[in-house]
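In my numbering, the protein residues as written are 366 to 548.
Note that the Cβ used here is the ideal one computed from N, Cα and C, for glycine as well.
Notes follow once the structure below has been shown.
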Amino acid sequence: KLIHNSILNGPYVRRMITEPGDAERDVNVNETFHEQTDDELSKRELKQIEADDQAIQTILLGLHEDIYVAVDSCETTQEIWLRVQQMMKGFDIGIQEKKAKLFNEWERFTSNEGESVESYYHRFLKLMNDLKRNKHFPQKIASNLKFLNNLQPEWSRYVTIVHQTKDLHTADYTLLYDFLKYN
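So, in structure tokens, the structure goes:
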């Protein structure tokens with residue numbers, strides 16, 4: 366609970382303690398101040414200061430090196446936490462942009478004029494790999510239709526044969542490519 370408090374509210378700030386003034390001085394000073402010493406702290410305040418230190422160590426130990434470099438100059442757990450949150454928001458935006466880019470690439474994917482079936486297949490394979498790496502798995506029928514229906518017109522005869530002889534719900538586009546390649 367104390368660590369959580371340190372993250373949300375910042376570290377314990379030592380109070381300034383008033384002291385009676387020194388009558389022996391040339392200038393009359395009614396009172397002076399000093400920062401609270403360890404001896405003047407309550408048990409709860411001491412525990413909070415320990416928790417502040419522990420919170421910083423715990424967070425820093427759990428950070429990836431790239432993030433650590435961006436927060437190692439922070440002085441409080443709260444400051445570290447806020448900076449990490451800010452960086453993670455940027456990370457989420459990056460993920461969203463990447464997903465949008467992949468979906469756009471999927472939607473626009475087609476063969477290029479004069480492109481060989483091998484080149485087309487390798488580009489399609491790369492796109493499918495990128496989608497899978499980002500945990501997007503189009504249904505087999507969708508990926509098979511995308512692969513077949515975007516081939517160059519000279520392949521239309523073979524595409525028709527594939528439609529008539531293969532179950533596009535269960536076949537894999539790699540199998541379809543093999544059929545096209547060897548016919």
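Taking 3 residues as the minimum length, the segment 460-500 contains no beta strand (DSSP E) run wholly inside it. Judged by DSSP secondary structure, Glu384 falls outside any alpha helix (DSSP H) and instead within the beta strand (DSSP E) spanning Met381 to Pro385.
In the structure shown, the three-state DSSP call for Glu440 is coil. Taking Lys412 as the centre and dropping the five residues before and after it, the same chain places the C-beta of Leu367 closer than 8 Å to its C-beta, in chain order. Closest in C-alpha terms to Val527, from the list Ile445, Leu513 and Glu483, comes Leu513. Out of Ser476, Asn477, Ile414 and Thr402, the CA that lies nearest to the CA of Pro376 is found in Ile414. DSSP, reduced to helix, strand and coil, places Phe502 outside both helices and strands of the structure shown, so it counts as coil.
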